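Worksheet for the structure shown next.
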Amino acid sequence: MTSTFESPALASAIPASDGGRLYSLDALRGLTVAAMVLVNNPGDWSHIYAPLRHAAWHGWTFTDTIFPAFLFIAGVSMVISTHRSLASHRSPTAVLLALWRRGLIIVAIGLAINLVPAFDLATLRWPGVLQRIGVCIIIAAPLVLWSRWRGLVGWTLALMVTYSVLMLWVPVAGPDGAVSQGSLEAGRDTGAFVDRRLMSGHLWAQAKTWDPEGLLSTLPAAATLLLGALAGRFLLTRRMDGGRTLLLAAAGLAAVGLGALLDSFFMPINKSLWTPSYAVFMSGYSATALAACYWFADGSGNERLRHHVRTLLLPFVMLGVNALAIFAMSGLIGRLIGTLKVTSDAGQSVTIKTWMFGELSRLLLSPVNASLLYAGLFVACMFVAAWLLWRKQVILKV
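Its first residue numbered 52, the sequence shown is counted upward by one per residue in this note's numbering.
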């Protein structure tokens, strides 16, 4: 059995940073991690600037660009890492098993974090961000390994079309038992019906009847990863120059436009449902961001400019090379300080997070700025952890 990557013409197709990594991709991954940690850890959920909230339902904010960027970057990374593994004469089957193992471990890490602080399997939330990433890797791995360009495009469309058919044309019962077809209301869509049937009691606690990382919407989420894989294939085709970088950016902008059209005439952009319009729209933004990072950090012929950009992006590269470890650490710490209690100056028992936010609120800041400062300091702590790992030349992989 052979893979579509076994082409010696690709052996030196992609310029990489020291250590054999693509600097711009690590930087973009690190920027994405920093953004996700920022929006996940406000000082007070009641006081958040609008761009740092998810859209209430349909529509999007800055926060809604982050998760699909993770999956898009995962697709690019999968193509590059798979190519390098095959170039070192690993069999496609061995590479596939390694990717599936990675996906399962990421799912397990997500479940372990969800166990904190209750450690109650009966109420454990099964879906989650890491769980979705892991499942998408498992779905996409064989498709990336054994599909050519047209095959990847075909599978991407198949995942989105299958999802759309199920969402728009299959009648399902809502939480109240009323049957509807094509409803995109929270809790009344086909995905929510599937989640209640298969994961009742293990869904997002704030909703209980649906989950933003549910099973059915994993199909277009996996398509998002495959769109990243297509971008990775483009990077590997031949050495990137200014013209090809512009082509990648143009493709990204075209995807943004297509996503906007799908939003207007087909299904609305919706992160919780991960509609096809959302997948295409956000993948376009990610492709454009990748093109910009690539040109300035890897592709620019101006050595001085490239040096300055790399210096500026270095903190994010530190985050990017240990993205999974930093994200998992931030999630675990966030849960612990939101649960463990201390005694405040007033003699009350409050969580560590409440006490810390209270101390920041004494700085004569408005509540929303104190909340933002708390989130910024949380991100700074993650930068310190990433710097310590970087200094020790430790890259934690699964």
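Glycine included, each C-beta is placed from N, C-alpha and C at the ideal position.
Owing to the predicted nature of the structure, the values given are computational and were not obtained by experimental measurement.
Integer-rounded CB distance, given that residue j should sit under 8 Å from residue i
i, j, result
"ALA437", "LEU370", "5 Å"
"LEU341", "VAL127", "7 Å"
"VAL195", "MET129", "5 Å"
"PHE367", "ALA106", "The pair is not a contact, with the Cβ atoms about 26 Å apart (cut-off 8 Å)."
"LEU254", "ASP246", "6 Å"
"CYS187", "ALA273", "4 Å"
"PRO327", "PRO271", "6 Å"
"SER231", "GLY225", "6 Å"
"LEU287", "HIS134", "6 Å"
"LEU89", "VAL430", "5 Å"
"ALA376", "LEU424", "25 Å between Cβ atoms; not a contact."
Selection from the options that minimises the alpha carbon distance to residue i
i, options, result
"LEU374", "VAL445, LEU423, LYS259", "In the sequence as displayed, the identity of residue 374 is Ala instead of Leu. Considering only alpha carbons, the answer is VAL445."
"MET460", "GLY94, ASP115, ASN353, TYR100", "The structure shown does not extend to residue 460, since the chain is modelled only from 52 to 449, so the question has no answer here."
"PHE317", "LEU365, SER323, VAL331", "VAL331"
"VAL372", "PHE347, LYS443, GLY310", "LYS443"
"ARG80", "ASP240, ALA301, PHE118, VAL221", "PHE118"
"ASP314", "PHE347, LYS322, TYR329", "TYR329"
"SER417", "ALA173, TYR100, LYS259", "TYR100"
"GLY382", "ARG248, PRO93, ARG72", "PRO93"
"TRP108", "LEU219, GLY279, SER323, LEU299", "SER323"
"ASN165", "ARG248, ARG386, ALA229", "ARG386"
CB of residue i within 7 Å of CB of residue j, strictly
i, j, result
"ALA125", "SER337", "no"
"TRP206", "SER268", "no"
"SER75", "TYR345", "yes"
"TRP151", "ILE320", "no"
"GLY185", "VAL158", "yes"
"GLY335", "GLY303", "yes"
"ALA508", "LEU411", "No statement about residue 508 is possible, as the shown extent of the chain runs from 52 to 449 and does not include it."
"LEU276", "LEU148", "no"
"THR241", "LEU217", "yes"
"ALA348", "VAL360", "yes"
"VAL419", "HIS98", "yes"
Residue i versus residue j: straight-line alpha-carbon distance, rounded
i, j, result
"MET407", "VAL393", "10 Å"
"TRP261", "ARG357", "46 Å"
"ALA163", "SER351", "42 Å"
"ASN91", "MET380", "12 Å"
"ARG176", "ARG201", "37 Å"
"GLY310", "GLY233", "20 Å"
"ALA301", "ASP227", "46 Å"
"SER198", "PRO102", "38 Å"
"VAL204", "ILE403", "48 Å"
"ASP95", "LEU428", "14 Å"
"ALA67", "LEU365", "Note that ALA67 scores 42 on pLDDT, short of 50, meaning its location in the model is unreliable; the coordinates nonetheless yield the value given after this. When rounded, the distance between both Cα atoms is 15 Å."
"ILE190", "VAL167", "27 Å"
"ILE156", "THR362", "33 Å"
"VAL146", "VAL449", "13 Å"
"ASP171", "GLY154", "24 Å"
"LEU439", "MET433", "10 Å"
"ALA256", "THR174", "9 Å"
"ASP208", "LEU312", "The sequence given here has Leu at residue 208, not Asp. Their Cα atoms are separated by approximately 16 Å."
"ALA169", "VAL401", "17 Å"
"MET333", "PHE378", "21 Å"
"ARG284", "TRP441", "29 Å"
"LEU137", "THR390", "46 Å"
"SER63", "ARG72", "The predicted model places SER63 with a pLDDT of 44, which falls under 50 and marks its position as unreliable, so this point remains unresolved."
"GLY161", "ALA243", "21 Å"
"GLY279", "ALA192", "13 Å"
"THR339", "MET291", "15 Å"
"ARG104", "PHE113", "8 Å"
"LEU299", "ARG355", "24 Å"
"GLY308", "ARG289", "27 Å"
"GLU57", "THR405", "Model confidence at GLU57 stands at a pLDDT of 45, short of 50, so the residue's coordinates are unreliable; what they give is reported in the following sentence. Going from the Cα of GLU57 to the Cα of THR405 covers about 55 Å."
Residue-level contact to chain D via CB, residue i, 7 Å cutoff
i, result
"THR275", "Given the protein chain composition of this structure (a single chain), no chain D is represented."
Worksheet item: If you pair each beta-carbon of the stretch 210-229 with each one of the stretch 290-303, do three or more pairs fall below 8 Å?
Response: no
Discussion item. Check whether the stretch 172-186 and the stretch 396-412 touch, using three or more Cβ-Cβ pairs below 8 Å as the test.
Written reply: no
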